[in-house]
Amino acid sequence: MASTLSDQLEEVRCHAEACLYSTGSVLEVRAGISAMANIPLPPSVKYRYIAAETMIIENGVNNIRKETIGSLQRLSTALNILEKYGCNLTSSSRPKYWRAVKHNNPVFRATVDAIQGGRAVLCLYGYSNQQPDGLSFPDEVVEPDIEKVAAVTLEVMSLRMELDMLIKEAHPHPEFFERIIPSLNQKDDFGPISDAVAIPSSLRESQPLYMSLASLSQSPTSAFLPVRTANASTSTSISTRHTERANHHRTVVTSSKMRKNHSSLLSWHCTHCTRVNSNQDILCETCERPRLASSGSAKDEFPQPFTITEWQCKSCTVVNAGSSILCAVCERPRLATKPPATPTRPTPTPNRPAAPVLGMPGDPDSQWMCQFCTYINYTPASVCEMCDLPRPEPTKMRVKLHPPSQVKKVPVLSVKPKDPPMEDPDLTRQKLMKEEGLKLILLIRDGEKKGVSPEEVYTGMRVSGVGNILPCDWLKAELPHLLDQICATATSSRAADLKAGQNQNGTGTSEDTGVEEEQTRGGGVTLSRAEAKLAWLSAGGDTERAVKQALRDRHSKVKELCSLGFTDEVRCQEVLRQSEGEVRGALSLLQRPLMEPFHQRMWSDQPEPPIDINHPDKQRVCRRLLAVYDLPSWGRCELALSLLQERTAPYSLDDVVQAVRESHDRDFIRRVLAKECPICLSDFPHSKMQSLTSCQCSVCCGCFQQHFTIAVRDKHIRDMVCPVCWEPDINDPEHLNSYFSTLDIQLRECLEPEVYDLFHKKLTEQALIKDPKFLWCSHCSYGFIYDGDQLKVTCFQCRNSFCAQCKKPWESQHGGLSCERYQCWKRENDPEYQRQGLAGYLRDNGITCPNCRFQYALSKGGCMHFSCSQCRYQFCSGCNNPFHTTCAVIHCSVTGLHAHHPRDCLFYLRDWEPGRLQALLQNKGVEFNTDTPPGTQAGLCGVIEQKDESGQQTDSACGAQTQPGHAGLCEKHYREYLVSLINSHSIDPAPLFNANELVLACRRYQVDDARGELEDDVTYYTRILEKLIDEVPLGDKVPRKK
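One point on numbering: in my numbering, the residue at position 784 of the sequence shown is 879, and numbering is uninterrupted.
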């Protein structure tokens, strides 16, 4: 039987899950949930994912049945919220923020977080990542597991339905839950109810409880008194024991009435669809609207609900009106605040109706998303379940109407009409003040739009009265005439005020006398409209007070101007009228004639007179320094003056002012003003010294200009370095561009125009050298850009031709032949070339500058450090690696000018004996020459090389003694010839290294030469030789011409 029930459960579960996350209808999902709830299996067997039995025990076990029912109701409410989370995840249109559940949500804290096991259900949904403010899906999860979420949601729906049936005592198999929660077997403490007698509330205090049943039957039902059947006989014996009630007989109420009253206590009528629901139900089973009245037919008066008139924003703490949804300052919504209830008693619209299965994929039209918190709500609800904010455009819900049930009419008690309440005078006064204040606010706002101040509006309203004319209109029409009247009254009041002042000098008080004296002194003045308007406003619209106030203000202003040194009262009165009563404007008008000489001197074409530092008035000199040179403070001016007045200090005024601006330290300023030039050994201020960005050396402007003028005119562009330390290293191409870009700015200001143009020309040639199409003429050493594709190139300077590839002078035999074939023909057929022998070979394979590609018909023997005469690039003639002073090689400890050579460079192989070099060539099968060519001069080497004679570099023949078997060359040049063959065939000299040379090469090129234990010499040297050859390649810049 259990197996059959389990199979049935599995079948129903699979069908309901498929309907839940697919396109199944709402009715199919509801039928599946109902079928699952009605299957007679314990919760531990029925629920696969959620720990239903554990949740019921942890949240519902209590010794009192009433408290147990309340705990189960809270658990059912929390399951309702968890069900909505699951429905949102299975819906095709999920909310925007579906990935996270926030703990600060008031609904979450009051429902899901208030029960045991709520967060475990969220983890089953997929909210397994713990955050500081809630739960969320892991970052690697893109979409929720719809099938699992649907299965868990289905179990949550089924458990909620079972709990609802259990609370309503309608569960078909309550024994499974009574075994888990024993308190469900208990009954109410009052026992079974047998009678419910309605006692009018008006008779409770005036009549005893043993009143006759006939009198009670005539009164309307107001309250119920439940009576225990177990105590019926006891109450009867007690009542008949009294002497006056000996003949009294109790009338037993019929059972039908008992059942009716009992059912009225356990049910309630829905005010919308008139369906009779159980007393345990919060929502109507038909329309899902909440129960709005208490159980039974009790009609106790509801207490007046509290109306929210204002609320405080949780973000910016601003108190807003109760009717506003968004904060007036930060525009954040009002969160977790229920809308205020109306004070009347009409049937309100439900705020949070539950929807057991609404919102499933089968019924998408029943959903709506809150625009503030994006929570998915359901159609019957007009307020968001999460943030309690109303729906923007609530849709009208169709309500199925049922015919009203027959309700027994109950007679209404006659109520004595109440006397109308007395009107509170304070409330009347406050109401009147509020109306007047609102009216004034409207007038002020209207005045602001028209450019009228609030003071003018208020005063105009008082003066214009309560007529139909608005204050703004009155101010525009009547105020100018009134101000003119005030001005005229003030002007003509001198004689009358003087006479009145004279009459009151003997009888009036001292205060009145002072006032009249002020009026007398101000009499005869001409006021401006602005002064009259200010006085009129300060007087509150009273014209007489405005005249007195205007005269008093004018007198005080004249007195203030006189205290500043302007004693002409008539002139003061005139400028005050012109400036409309402003003291600052009047003062400006009075000072303008005094500033006229200064203005004439400022705007004249004559030069500013020099500052005389020996003037006896030191404050005058400091003021001139402060005004002309804009020094930061008065103390800096005094410091500059003291430095200028020193006898032994030949400082100029501009140098001292610039130094004082930078510092206030006297010793530091003296050091700045007296810096020694390392070239001319003269003292100059810091402002007259110049330095390059590549070093810290400073020279005077004259030496700086002279050095770079000579370098541009007579030297190469690479000689334009610091004249003191000769920095920077121009061979480094990374620093070259940045150095010349800053040097160009400095030379533009100090060099003559023709010298600066020459500098730019050399700088342009230096940039053109790096162009791949740049060629040097082999006849006149002229450089130019060649864009053609022919081998024959004609120089634009000397009009001679040469080969663009091999750079040799052009001959007719070169036409149609490659450079290699032409060289072979020349060696076989040119007698002059044959007569030169290996000397001509070394000349043709001479030195080529790796920077500018200029060719030199010179040998490489002797010093390997070569400096190009065209670009001043310094390099090794054997491997073309640069010579530099700042080395970029890691772990290099060499200081000064040096280069790093590969092991096949002539720098190392020139020390080998010719026989050893010949053996290396013989091992690789390379032929070499040993015979002297016919026609050459015997005994002397004719190879051309560069020599340094008396500081000048000249090209001349070697002239050294030749050796037999060296092909008519000296030993030095014969070694060079053999090394050129080795480099042409890329032969590695490492196999002929001896032990010391091998270890030294490994250390030179950072190769690990550690010797292993019990390793013999042969094995050790063989191993490090192979390691050297594998890890360190041959030179990549070594010339390898064949």
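For glycine and all other residues, C-beta sits at the position ideal for the given N, C-alpha and C.
7 angstroms Cβ cutoff, residue i in contact with chain D
| i | result |
| --- | --- |
| VAL819 | In summary, chain D is missing from the structure at hand, where a single protein chain is found. |
Contact check, residue i vs residue j, beta carbons under 7 angstroms
| i | j | result |
| --- | --- | --- |
| VAL642 | ILE706 | no |
| ILE1124 | ALA1085 | yes |
| HIS996 | VAL984 | no |
| VAL244 | THR206 | no |
| ALA813 | ARG967 | Here the sequence assigns Arg to residue 813, which means Ala is not the residue at that position. Result yes, Cβ atoms of ARG813 and ARG967 sit closer than 7 angstroms. |
| TYR881 | LEU870 | yes |
| PRO566 | MET556 | yes |
| GLY155 | LEU167 | yes |
| ILE151 | ILE262 | no |
| PHE949 | HIS960 | no |
| VAL249 | LEU122 | Residue 249 is actually Leu in this sequence, not Val. Contact flag unset, no. |
| VAL251 | LEU177 | yes |
| SER782 | GLN753 | yes |
| SER786 | SER777 | no |
| GLY221 | LYS197 | no |
| ALA1052 | GLY1034 | no |
Opening and closing residue of the beta strand (DSSP E) in which residue i lies
| i | result |
| --- | --- |
| HIS960 | 960-962 |
| THR889 | 887-889 |
| MET784 | 784-786 |
| LEU870 | 869-871 |
| CYS795 | 793-795 |
| CYS898 | 896-898 |
| ALA681 | Looking at the DSSP string, ALA681 is not in any beta strand (DSSP E); the run it does join, the alpha helix (DSSP H), is 678-686. |
| GLU706 | For the sequence presented, residue 706 should be read as Ile rather than Glu. From DSSP, ILE706 is part of no beta strand (DSSP E); its letter is neither H nor E. |
| ILE152 | Not the beta strand (DSSP E): ILE152 falls in the alpha helix (DSSP H), residues 147-155. |
| VAL723 | Here VAL723 belongs to no beta strand (DSSP E); instead the alpha helix (DSSP H) covers 713-723. |
| ALA416 | 414-416 |
Endpoints, alpha helix (DSSP H) assigned at residue i
| i | result |
| --- | --- |
| ASN133 | 121-133 |
| LEU656 | 638-658 |
| TRP569 | 566-586 |
| GLN668 | 664-673 |
| SER1079 | 1066-1079 |
Nearest-angstrom beta carbon gap, residue j and residue i [assumed within contact, 8 angstroms]
| i | j | result |
| --- | --- | --- |
| CYS1138 | CYS798 | Nothing about residue 1138 can be read from this structure; the chain reaches only from 96 to 1137. |
| SER873 | LYS902 | 5 angstroms |
| ILE128 | MET256 | 6 angstroms |
| VAL751 | LEU738 | 5 angstroms |
| VAL552 | ALA585 | Between ALA585 and VAL552 the Cβ distance is about 25 angstroms, and since that is not below 8 angstroms, they are no contact. |
| ILE210 | ARG169 | 7 angstroms |
| ALA146 | SER253 | No, ALA146 and SER253 are not in contact; Cβ-Cβ is about 14 angstroms, not under 8 angstroms. |
| GLY636 | VAL558 | 4 angstroms |
| HIS1080 | VAL1021 | 5 angstroms |
| PRO1134 | ASN1078 | 6 angstroms |
Residue from the options with nearest C-alpha to residue i
| i | options | result |
| --- | --- | --- |
| THR981 | LEU522, ASP824, MET784, GLU264 | ASP824 |
| VAL202 | THR163, THR172, HIS855 | THR172 |
| LEU684 | TYR222, PHE693, CYS667 | CYS667 |
| LYS887 | LEU656, PRO745, PHE897, GLY878 | PHE897 |
| LYS868 | CYS845, ALA899, LYS857 | ALA899 |
| ILE164 | ASP376, GLU822, TYR144, TRP193 | ASP376 |
| GLU112 | SER101, LEU100, ALA126, THR99 | ALA126 |
| ARG160 | SER188, LEU279, ASP102, VAL816 | LEU279 |
| GLY1130 | SER1079, GLY1020, CYS974 | CYS974 |
| VAL1127 | ASP852, CYS1097, ALA1105, LEU537 | CYS1097 |
| CYS218 | CYS845, LEU574, PRO1059, ARG194 | ARG194 |
| GLU71 | ASP725, ASN372, LYS544, LEU629 | A query on residue 71 cannot be resolved here, the shown segment of the chain reaching from 96 to 1137 and no further. |
| ILE708 | ASP568, PHE879, GLU733, LYS1019 | GLU733 |
Inset, instruction - Only counting runs of 3 or more residues, tell me where the beta strand (DSSP E) segments fall wholly within the region 178-252, in order along the chain. - result: As far as the region 178-252 is concerned, its whole beta strand (DSSP E) runs of at least 3 residues are 195-197, 224-226, 229-231.
Legend entry - Any alpha helix (DSSP H) of 4 or more consecutive residues that is wholly inside the region 737-784: 748-757, 761-768
Inset, instruction - Taking only runs that begin and end inside the region 1082-1132, name each unbroken alpha helix (DSSP H) of 4 or more residues, in chain order. - result: With a minimum length of 4 residues, the continuous alpha helix (DSSP H) runs that stay inside the region 1082-1132 are 1090-1099, 1112-1126.
Legend entry - Ordered list of alpha helix (DSSP H) runs contained in the region 960-1005, each at least 4 residues: Correct list: 1001-1004.
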